[in-house]
Amino acid sequence: MIHLFILRSGSFIMQTHAQQTVPTCNRPNWNLPGPLAQSPCQVLSNFMNACAQLTGTSFNLTSVYLQPSGQYPRPEANETLALCKCTDVIYNLYSACGACQMELNHWQSHQVWFEGCSKLPPSDPIVFASPNQISLWMNQTYLPTFDIDKALQVQSTGNPLPAQSASNTTGGPTGGPGPSKSSNTSVIIGTILGGVIVILCILFFYYRR
1 MIHLFILRSG SFIMQTHAQQ TVPTCNRPNW NLPGPLAQSP CQVLSNFMNA CAQLTGTSFN
61 LTSVYLQPSG QYPRPEANET LALCKCTDVI YNLYSACGAC QMELNHWQSH QVWFEGCSKL
121 PPSDPIVFAS PNQISLWMNQ TYLPTFDIDK ALQVQSTGNP LPAQSASNTT GGPTGGPGPS
181 KSSNTSVIIG TILGGVIVIL CILFFYYRR
């Protein structure tokens with residue numbers, strides 16, 4: 001296999017594999033490898049290319065240096081690949097891929113990334129990776145934004161973040177929060193009170209007769 005390296009803008013290095021360009025991580029201390037010791041950019045490229053094949057489109061991961069804002073753009077609801085991008089796994093990989101190419105904080109916040117995802121039409125999830133292809137740090141919810149130190153901690157210790165819910169690893173859109181316990185409790189109490197009132201009314205009219 002031929003490896004072609006192109007040096008641009010000082011530290012911008014691109015590596016070409018079979019006509020696919022994959023940004024190279026040039027900050028090893030911030031590199032978060034996948035199960036096969038691949039960089040987050042390589043894992044991201046693999047997952048998104050799998051998603052592209054399943055949706056009948058194409059994908060090419062370009063360097064974060066080529067993005068107008070220095071950040072990978074958030075998914076839009078009309079994107080063919082939005083179903084895959086609207087997952088914590090892909091959000092974390094885009095963030096880690098951007099981080100290992102340049103200085104910190106060159107990624108979108110969790111809220112901004114998922115803003116358009118609520119507009120996606122209902123659909124079955126797209127399985128772009130199997131569970132054994134997903135490292136634990138990829139499958140965490142980092143709030144309010146991706147945190148490189150916490151991701152490195154998860155990678156190092158093998159322990160998930162405390163009080164964090166695991167994301168959907170199959171590629172379906174990240175859903176909104178479900179009904180709260182207080183809402184469920186209110187519905188239950190309201191139903192009980194309504195039933196009691198109906199019974200009291202029946203007894204009242206019965207004894208009046």
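Residue numbers (the UniProt record's numbering): 1 to 209. Glycine residues also receive a C-beta, built at the ideal position from the N, C-alpha and C atoms.
>> I need the DSSP call for V89, collapsed to helix, strand or coil.
In response: helix
> Does the beta-carbon of D88 have 16 or more other beta-carbons within 10 angstroms, so that it is buried, or is it exposed?
Replying inline: buried
>> Let's test the definition: count the other Cβ atoms within 10 Å of the Cβ of L140 and tell me whether it reaches 16, buried, or not, exposed.
In response: Here the sequence assigns Gln to residue 140, which means Leu is not the residue at that position. Buried: at least 16 other Cβ atoms inside 10 Å.
>> With H, G and I counted as helix, E and B as strand and the rest as coil, what does DSSP make of S109?
In response: strand
>> Quick test of your reading: W137 and Q155, contact by CB under 8 Å. State the CB separation rounded to the nearest angstrom.
In response: 5 Å
> Should I6 go down as buried or exposed, given a rule of 16 or more other Cβ atoms within 10 Å for buried?
Replying inline: Confidence at I6 is low in this model, with a pLDDT of 27, below 50, so its placement is unreliable and no value can be given for it.
> Can you name, in chain order, every residue of its own chain whose Cβ lies under 7 Å from the Cβ of S180, other than the five neighbours on each side?
Replying inline: Reliability fails at S180, whose pLDDT of 35 lies under 50, so the model's placement of it is uncertain and the value that follows must be treated cautiously. There are no such residues.
> According to DSSP, is V154 helix, strand or coil?
Replying inline: helix
> Looking at G34 and Q133, is the spacing between their C-beta atoms short of 9 Å?
Replying inline: yes
> Taking one C-beta from the stretch 113-132 and one from the stretch 62-81 each time, how about it: are there three or more such pairs within less than 8 Å?
Replying inline: yes
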